[in-house]
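Participant:
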Amino acid sequence: MLRFLEGVRQRLLSVGRRPTESDAAQGVRRIVVGSLWFSALGIPVSSTFQWLDGMPWLAAVGYGQSITALLLLAGVALRPGWLVAWIVTMQGAFGVAEVTEAHLRGGLIPSGLAALWGILGVLIALIALNLRWAVFWFVVLVAQIVYAAAITDTFEPLYPNADPTVDAAVTLILIGGVTFAVLAYFVRQRDHFQEQSDRLLRNVLPDEIAVRLKRGDGAIADRFDHVTVLFADVVGFTPLSSRVAPDDLVRMLSDLFSDLDDIVGQLGLEKIKTVGDEYMVAAGVPTPRPDHAAAVAEFGLRVHELVGSREYGGHRLEFRMGIHSGPVVAGVIGQRKFSYDLWGDTVNTASRLESHGTPGAIQISDETRRLIEESFVCEPRGEIELKGRGALHTWFVVGRR
Numbered sequence: 001m002l003r004f005l006e007g008v009r010q011r012l013l014s015v016g017r018r019p020t021e022s023d024a025a026q027g028v029r030r031i032v033v034g035s036l037w038f039s040a041l042g043i044p045v046s047s048t049f050q051w052l053d054g055m056p057w058l059a060a061v062g063y064g065q066s067i068t069a070l071l072l073l074a075g076v077a078l079r080p081g082w083l084v085a086w087i088v089t090m091q092g093a094f095g096v097a098e099v100t101e102a103h104l105r106g107g108l109i110p111s112g113l114a115a116l117w118g119i120l121g122v123l124i125a126l127i128a129l130n131l132r133w134a135v136f137w138f139v140v141l142v143a144q145i146v147y148a149a150a151i152t153d154t155f156e157p158l159y160p161n162a163d164p165t166v167d168a169a170v171t172l173i174l175i176g177g178v179t180f181a182v183l184a185y186f187v188r189q190r191d192h193f194q195e196q197s198d199r200l201l202r203n204v205l206p207d208e209i210a211v212r213l214k215r216g217d218g219a220i221a222d223r224f225d226h227v228t229v230l231f232a233d234v235v236g237f238t239p240l241s242s243r244v245a246p247d248d249l250v251r252m253l254s255d256l257f258s259d260l261d262d263i264v265g266q267l268g269l270e271k272i273k274t275v276g277d278e279y280m281v282a283a284g285v286p287t288p289r290p291d292h293a294a295a296v297a298e299f300g301l302r303v304h305e306l307v308g309s310r311e312y313g314g315h316r317l318e319f320r321m322g323i324h325s326g327p328v329v330a331g332v333i334g335q336r337k338f339s340y341d342l343w344g345d346t347v348n349t350a351s352r353l354e355s356h357g358t359p360g361a362i363q364i365s366d367e368t369r370r371l372i373e374e375s376f377v378c379e380p381r382g383e384i385e386l387k388g389r390g391a392l393h394t395w396f397v398v399g400r401r
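Numbering (our numbering), first residue to last: 1 to 401.
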């Protein structure tokens, strides 16, 4: 039964839905559509009782509101892009109805505070439109209340209300309930969007950096003296990419790098970026750690074990890796499509160790070797010439001790 009711609710709220609708636009539309359904289905109930109590003109006002709501729902369904126009029409029509009810019953209090329904109009304008529209409808609300209060006892009402207390109490309860429902939905949607935004930001930036960026700390740039950087490149990727269909190539890289991301998460490393088939990871940023070199070396070994045990897209892949340890500068660059990146000689050296490396091997600098030799088996390669560094004594990480 609950599943059936939830299906009905979702069906009713789907009026005006568009395939290209954003999450934010969907939330606004559902609030407006829900308000219209509440008016279309709820008001006729009280109007029927008014009809049976001998107040046909008052009932007619309610039925008119209900018909207006149904027409507006049809408008939303046929022209969802005109949502602002439908909202303004709804506010205006319902405002006229509230003033008319005050006339028929003899003023603000005798009408059971009907003019206060305009509060929902202000609320919807604030959520669905903008602050300027909300201010406008708030002024209209104040005018309605003042007018309804001013006409009290100025003429003989068509349907006098000897004891308006019950009507006023019902009005306040209903307004409070609807207001709570709208705000609860809005808060839930806001929290959902905030969670999505935070998750997306944390997929792009380290948690600590994301917090600083949201806080508006200004330029984010830090120096770290003890960092290890690794570059990994798929061997023979360029000729492979010319033989593989584009969608298969992207799927293969996505599967491969997703597995590398899992290893990064297991070891608590920081993925910096991917460029084509190149993967860059670091340890010691943005949170310093004493085992930065050992953690990155472990990553390299696990990656080799991974690609040696399975195929990607029907192909056996092989990595060439370079690792170097030293100081770096880290920060966020750009305002659009920003990223967290590293700069400095340590980064350049790690990149060149990778490009001058051997397929299937993890080439490291002497600085990194001194940090990990107690935990990992390192074999000397000898000296190699690196641009900008000259002769550099390098090693291969071949296993764990």
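Where is the CB? At the ideal position from N, CA and C, for every residue including glycine.
These numbers come from a predicted model, not from an experiment.
Helix, strand or coil for residue 32, going by three-state DSSP, please let me know.
Facilitator: Here residue 32 is taken as the residue at index 32 of the sequence shown, counted from 1. Here residue 32 sits in helix by DSSP.
Participant: Need the endpoints of the alpha helix (DSSP H) that residue 105 sits in, please.
Facilitator: Mapped onto the sequence shown, residue 105 falls at position 105. Per DSSP, residue 105 belongs to the alpha helix (DSSP H) from 83-105.
Participant: Taking buried to mean at least 16 other C-beta atoms within 10 Å of its own C-beta, is residue 298 buried or exposed?
Facilitator: Residue 298 sits at position 298 when you count from the first residue of the sequence shown. Looking at its Cβ environment, which holds 16 or more other Cβ atoms inside 10 Å, residue 298 is buried.
Participant: Are residue 107 and residue 148 closer than 7 Å when you measure CB to CB?
Facilitator: Counting from 1 along the sequence shown, the entry for residue 107 is found at position 107. Counting from 1 along the sequence shown, the entry for residue 148 is found at position 148. Yes, they are a contact pair.
Participant: Taking C-alpha atoms, which residue in 314, 275 and 266 lies nearest to residue 296?
Facilitator: By 1-based counting over the sequence shown, the position of residue 296 is 296. Checking every option, the nearest Cα to that of residue 296 belongs to 266.
Participant: Out of 28, 12 and 56, state which residue places its alpha-carbon closest to the alpha-carbon of residue 41.
Facilitator: Indexing the sequence shown from 1 puts residue 41 at position 41. Minimum Cα distance to residue 41 is reached at 12.
Participant: Which two residues bound the contiguous alpha helix (DSSP H) that contains residue 141?
Facilitator: Along the sequence shown, read from residue 1 onward, the residue named residue 141 stands at position 141. Per DSSP, residue 141 belongs to the alpha helix (DSSP H) from 131-150.
Participant: By how many angstroms is the C-alpha of residue 138 removed from the C-alpha of residue 131?
Facilitator: As a first step, residue 131 is located in the sequence shown; it is residue number 131 there, counting from the start. As a first step, residue 138 is located in the sequence shown; it is residue number 138 there, counting from the start. C-alpha separation (whole angstroms): 10 Å.
Participant: Where does residue 311 land, buried or exposed, given buried means 16+ other C-beta within 10 angstroms?
Facilitator: Numbered from 1 along the sequence shown, position 311 holds the residue referred to as residue 311. Exposed, by the Cβ-count rule.
Participant: Between which two residues does the alpha helix (DSSP H) carrying residue 4 extend?
Facilitator: In the sequence shown, counting from the first residue as 1, residue 4 sits at position 4. Per DSSP, residue 4 belongs to the alpha helix (DSSP H) from 2-13.
Participant: Would you tell me roughly how many angstroms separate the C-alpha atoms of residue 316 and residue 256, rounded to the nearest one?
Facilitator: Position 316 of the sequence shown, counting from 1, holds the residue named residue 316. Position 256 of the sequence shown, counting from 1, holds the residue named residue 256. Their Cα atoms are separated by approximately 11 Å.
Participant: Here's a check: name, in chain order, each residue in its chain whose Cβ is nearer than 6 Å to the Cβ of residue 133, leaving out the five neighbours to either side.
Facilitator: Numbered from 1 along the sequence shown, position 133 holds the residue referred to as residue 133. Result list for residue 133: 125, in chain order.
Participant: Thinking just about the alpha-carbon of each residue, which of 35, 258, 374 and 369 is nearest to the one in residue 380?
Facilitator: Here residue 380 refers to the residue found at position 380 of the sequence shown. Cα-wise, what sits closest to residue 380 is 369.
Participant: Label residue 303 either buried or exposed according to how many other C-beta atoms from any shown protein chain fall within 10 Å of its C-beta, with 16 as the threshold for buried.
Facilitator: For the purposes of this step, residue 303 is taken as residue 303 along the sequence shown, with counting starting at 1. Answer is buried; the Cβ neighbour count reaches 16.
Participant: With 16 as the cutoff for other CB atoms within 10 Å, does residue 343 come out buried or exposed?
Facilitator: Walking along the sequence shown from the start, residue 343 turns up at place 343. Flag for residue 343 reads exposed.
Participant: Have a look at the DSSP bridge pairing and note the partners of residue 205.
Facilitator: The count along the sequence shown starts at 1 and reaches residue 205 at position 205. Its beta-bridge partners do not exist; DSSP assigns none.
Participant: Let me know if residue 319 comes out buried or exposed under the rule of 16 or more other beta-carbons within 10 Å of its beta-carbon.
Facilitator: As a working note, residue 319 is residue 319 in the sequence shown. Using a 10 angstroms sphere on the CB of residue 319, the tally of other CB atoms reaches 16 or more, which defines it as buried.
Participant: Does the Cβ-Cβ distance between residue 350 and residue 384 come in under 7 Å?
Facilitator: Within the sequence shown, residue 350 is the residue found at index 350, counting from 1. Within the sequence shown, residue 384 is the residue found at index 384, counting from 1. No, the Cβ-Cβ distance between residue 350 and residue 384 is not below 7 Å.
Participant: So what's residue 404 in DSSP terms, helix, strand or just coil?
Facilitator: This structure cannot speak to residue 404, because the chain is shown only from 1 to 401.
Participant: Quick one: using the 10 Å Cβ neighbour count with 16 as the cut-off for buried, is residue 179 buried or exposed?
Facilitator: For this step, residue 179 is matched to residue 179 along the sequence shown. Counting the other CB atoms within 10 Å of its CB gives residue 179 a total below 16, which places it among the exposed residues.
Participant: State the beta-bridge partners of residue 362 as determined by DSSP.
Facilitator: Translated into positions along the sequence shown, residue 362 becomes position 362. 321, per the DSSP bridge assignment.
Participant: Strictly by DSSP, which residues pair up with residue 343?
Facilitator: Taking the sequence shown and counting its residues from 1, one reaches residue 343 at position 343. Per the DSSP secondary-structure output, residue 343 pairs in a beta bridge with 329.
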